[in-house]
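Contents: one structure, followed by commentary.
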Amino acid sequence: MKKNIWALPCALLLGVLCLSSCQKTPPLDNLSSDFVVQTKYDTSVNFSNFKTFAIRDTIAVSTENPKDSVWYDADAQSIINEVANQMIAAGYTRVPLAQKGSADLGIQLVAIRNKTVFGVTPGYWWGFPGYGDPWYWGNYPGWSYWYPYYYRYSIKTGTIAVEMADLKDAVTNQKLNIIWTGIGSGQIGSSKSFILDQCIKSVDQAFAQSPYLKK
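Numbering-wise, the sequence shown is residues 0 to 214 according to numbering that gives the first Met the number 0.
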């Protein structure tokens with residue numbers, strides 16, 4: 000397992016994309032003002048073996064309001080499209096969701112707002128009811144997402160995460176391995192445009208610090 004944490008000046012913290020090398024962790028007293036992107040990946044995976052990807056068209060949401068479950072407006076689509084564009088720029092081909100069963104990789108996003116959770120472990124968010132079931136990606140009875148790397152972190156006010164699942168080898172492995180993850184968290188302001196801007200920047204930063212993804 001490898002880990003990478005980058006700090007960028009901002010008043011928001013939202014999690015983004017996945018995995019990579021190592022950078023100095025920002026001081027804890029700066030976490031409320033720095034934009035942090037943490038990336039991780041499965042070091043046993045050869046990403047050159049994957050050619051296609053499908054990405055969910057909504058973002059899972061968890062807040063203190065139980066009615067919040069899915070983020071699907073224009074801002075959400077902008078974030079999803081940025082992830083897709085970065086994947087295409089890295090050399091992958093996007094597969095329509097209607098054909099997701101043929102994709103090598105499945106990408107899904109989750110946002111967590113107005114919560115403080117300490118000591119979170121991988122996959123915490125897929126306990127949310129009604130979203131993230133592995134059945135979405137194919138006929139995987141009784142399976143759950145598997146994280147080959149372990150970590151703990153804290154969610155403070157807001158978080159966005161992007162995960163990449165290995166669909167190509169799921170049947171052989173009898174599980175859905177999450178091979179690439181990116182997370183950032185921190186304070187969120189009330190400006191929608193600010194939040195969107197920081198989400199987009201975090202996606203870009205996550206790919207920038209994950210050069211091994213390029214074909």
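Backbone N, C-alpha and C define an ideal beta-carbon position, used for all residues, glycine too.
Being a predicted model, the structure only gives us computed values, none of them experimental.
Cα-Cα separation between residue i and residue j, rounded to whole angstroms
i: Lys-213; j: Ala-89; result: 4 Å
i: Gly-126; j: Val-109; result: Because Gly-126 carries a pLDDT of 47, less than 50, the predicted location of this residue cannot be relied on, and no value is offered for it.
i: Ala-97; j: Asp-74; result: 22 Å
i: Asp-103; j: Val-161; result: 16 Å
i: Ile-154; j: Leu-166; result: Interpretation of Ile-154 is limited by its pLDDT of 47, a score under 50 that renders its predicted location unreliable; no figure is taken from the coordinates.
i: Lys-66; j: Gln-197; result: 25 Å
i: Asn-176; j: Tyr-211; result: 18 Å
i: Ser-101; j: Pro-95; result: 10 Å
i: Asn-172; j: Thr-62; result: 33 Å
i: Asn-45; j: Asn-64; result: 40 Å
Neighbourhood of residue i by C-beta distance below 8 Å, restricted to the same chain and skipping five residues each side
i: Arg-93; result: Thr-51, Phe-52, Ala-53, Ile-54, Ala-83, Met-86 and Ile-87
i: Val-60; result: Asp-67, Ser-68, Val-69, Trp-70, Val-109, Ala-110, Ile-111 and Arg-112
Residue j beta carbon less than 8 Å from that of residue i
i: Ser-209; j: Gly-183; result: no
i: Ile-194; j: Ser-77; result: no
Residue(s) in a DSSP beta bridge with residue i
i: Asp-72; result: Paired residues: none, contrary to the question.
i: Ile-177; result: Ala-164
Same chain only: Cβ atoms within 7 Å of residue i, ignoring 5 sequence neighbours per side
i: Ser-47; result: Lys-214
Spatial neighbours of residue i in its chain, beta-carbon cut-off 6 Å, leaving aside the 5 residues before and after
i: Ile-58; result: Trp-70, Ala-75, Leu-108 and Ala-110
i: Tyr-91; result: Phe-52
i: Lys-99; result: Ala-53
Among the options, the one whose alpha carbon lies nearest that of residue i
i: Val-36; options: Ile-159, Asn-80, Lys-99 and Ser-61; result: Ile-159
i: Asp-56; options: Phe-49, Val-170 and Asn-80; result: Asn-80
i: Phe-49; options: Thr-62, Ala-169 and Val-60; result: Ala-169
i: Ser-192; options: Ile-106, Gly-105 and Asp-72; result: Asp-72
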